[in-house]
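Residue numbers (my numbering): 508 to 641. First the structure, in the form of structure tokens, and then the observations on it.
Rendered as structure tokens:
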């Protein structure tokens with residue numbers, strides 16, 4: 508059972524703002540701000556690594572168009588795009604949160620008590636592995 512697949516299949520109502528063969532976008536039911544939308548590939552997977560590239564390309568293009576509307580139609584000077592994947596994907600279906608922001612709106616990044624490390628070794632290892640991928 509997937510809430511997003513149910514919206515795609517019209518088993519659940521959603522305030523849909525965009526739909527194509529590969530992507531759907533609708534208002535978030537618990538918005539951080541007015542205009543908070545989810546951009547969802549119709550391909551069901553919990554991780555960016557499992558989504559076909561052509562679906563991801565359209566997800567990004569739709570997010571870009573939404574941000575353009577925030578800026579040019581509604582005058583927002585800021586926005587956030589967020590995504591949690593893999594076992595941290597709260598609905599089990601990849602999606603981007605896209606929402607308008609204003610300075611000092613109270614929204615913020617919360618760091619865990621034990622953060623990560625900032626080292627040359629981590630950067631070197633990630634760089635090496637990134638360039639080794641096809």
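Ideal Cβ positions, reconstructed from N, Cα and C, are used throughout, including at glycine.
Straight-line Cα distance separating residue j from residue i
i           : j           : result
residue 525 : residue 633 : 36 angstroms
residue 578 : residue 588 : 14 angstroms
residue 542 : residue 574 : 10 angstroms
residue 640 : residue 624 : 24 angstroms
residue 629 : residue 586 : 29 angstroms
residue 612 : residue 603 : 20 angstroms
residue 576 : residue 533 : 15 angstroms
residue 545 : residue 637 : 28 angstroms
residue 515 : residue 598 : 14 angstroms
Start-to-end residues for the beta strand (DSSP E) that takes in residue i
i           : result
residue 524 : 523-526
residue 544 : 544-548
Spatial neighbours of residue i in its chain, beta-carbon cut-off 6 angstroms, leaving aside the 5 residues before and after
i           : result
residue 558 : 548, 550, 552 and 601
Residues near residue i by beta carbon distance below 7 angstroms, same chain, minus five either side
i           : result
residue 572 : none
residue 512 : 551 and 600
Reference residue i; option with closest CA among the options
i           : options               : result
residue 592 : 580, 533, 568 and 554 : 554
residue 568 : 529, 595 and 535      : 529
residue 535 : 616, 621, 638 and 607 : 607
residue 615 : 539, 595 and 621      : 539
residue 590 : 580, 563 and 584      : 563
Unbroken alpha helix (DSSP H) run spanning residue i, endpoints
i           : result
residue 634 : 627-639
residue 539 : Here residue 539 belongs to no alpha helix (DSSP H), and DSSP marks it neither H nor E.
residue 563 : 560-579
Cβ-Cβ separation, residue j to residue i (assumed contact under 8 angstroms), whole Å
i           : j           : result
residue 565 : residue 527 : 7 angstroms
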